[in-house]
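Colleague: Heads up, the sequence shown is in the working numbering, so the first residue is 253 and it goes up one at a time. Quick one: the structure is below, and I'll ask about it shortly.
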Amino acid sequence: MTVEGKIIEKFDAQAINESFKKREFVLEYAENPQYPEFLKFELIQSNCEQLDEIESGDEVVVHFNLKGRKWTDPKGEVKYFNKLQAWRLDKKSSSMNDGTSSEQEWTKNDSSEDDDLPF
253 MTVEGKIIEK FDAQAINESF KKREFVLEYA ENPQYPEFLK FELIQSNCEQ
303 LDEIESGDEV VVHFNLKGRK WTDPKGEVKY FNKLQAWRLD KKSSSMNDGT
353 SSEQEWTKND SSEDDDLPF
């Protein structure tokens with residue numbers, strides 16, 4: 253699954269135990285700009301380092317897995333937990349941010365007057 257949005261907050265990595273670490277971040281997802289959603293994701297293990305290259309305010313594409321778990325507490329009540337586990341973060345390029353597609357850029361750069369093609 254993927255989602256695009258703006259990084260709102262980054263948290264420090266947490267060592268859960270000697271062999272497991274995670275790092276969380278919040279993404280502002282605005283399918284409807286009037287009502288943005290704030291989604292909390294986690295990165296685990298070596299994927300935590302991907303967040304080092306990204307700043308708050310950066311526009312990104314988040315590739316993630318939706319995880320769910322069932323747990324029965326000591327009282328016998330069943331509880332369900334969900335998490336969004338990111339596995340790749342891609343910074344959106346500035347040309348994507350300003351509304352200019354790569355095709356539009358190619359057309360602008362290719363429309364030179366000194367073209368020597370006969371057609």
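Beta carbons: idealized from backbone N, C-alpha and C, even for Gly. Source: prediction; values computed, not measured.
Could you work out which residue in D304, F277, C300 and G320 is closest to F290 when comparing CA atoms only?
Modeller: F277
Colleague: Leaving out the 5 sequence neighbours to the left and right, which residues in its chain are closer than 7 Å to W323 when beta-carbon positions are compared?
Modeller: Cβ within range, chain order: K331 and F333.
Colleague: At what residues does the beta strand (DSSP E) containing G309 begin and finish?
Modeller: No beta strand (DSSP E) contains G309, which DSSP labels as neither H nor E.
Colleague: On the DSSP letters alone, give me the boundaries of the beta strand (DSSP E) that D342 sits inside.
Modeller: V330 to K343
Colleague: Please report the straight-line C-alpha distance between K319 and A338, rounded to a whole angstrom.
Modeller: Using only the alpha carbons, I get a separation of about 10 Å.
Colleague: Starting from A267, trace the beta strand (DSSP E) both ways and give me its first and last residue.
Modeller: Q266 to N269
Colleague: For N299, does the three-state DSSP call read helix, strand or coil?
Modeller: helix
Colleague: Exposed or buried, what is F316 when buried is set at 16 or more other beta-carbons lying within 10 Å of its beta-carbon?
Modeller: A buried status is given to F316, since no fewer than 16 other beta-carbon atoms sit within 10 Å of its beta-carbon.
Colleague: Just how far apart, CA to CA, sit M348 and G257?
Modeller: Low confidence applies here, because M348 scores a pLDDT of 48, under 50, leaving its location unreliable and the question unanswered by this model.
Colleague: Rounded to whole angstroms, what is the Cα-Cα separation between N299 and I259?
Modeller: 16 Å
Colleague: By Cβ distance, which residues of its chain are closer than 8 Å to K273, with the 5 residues on each side in sequence left out?
Modeller: A265, Q266, A267, I296, Q297 and C300
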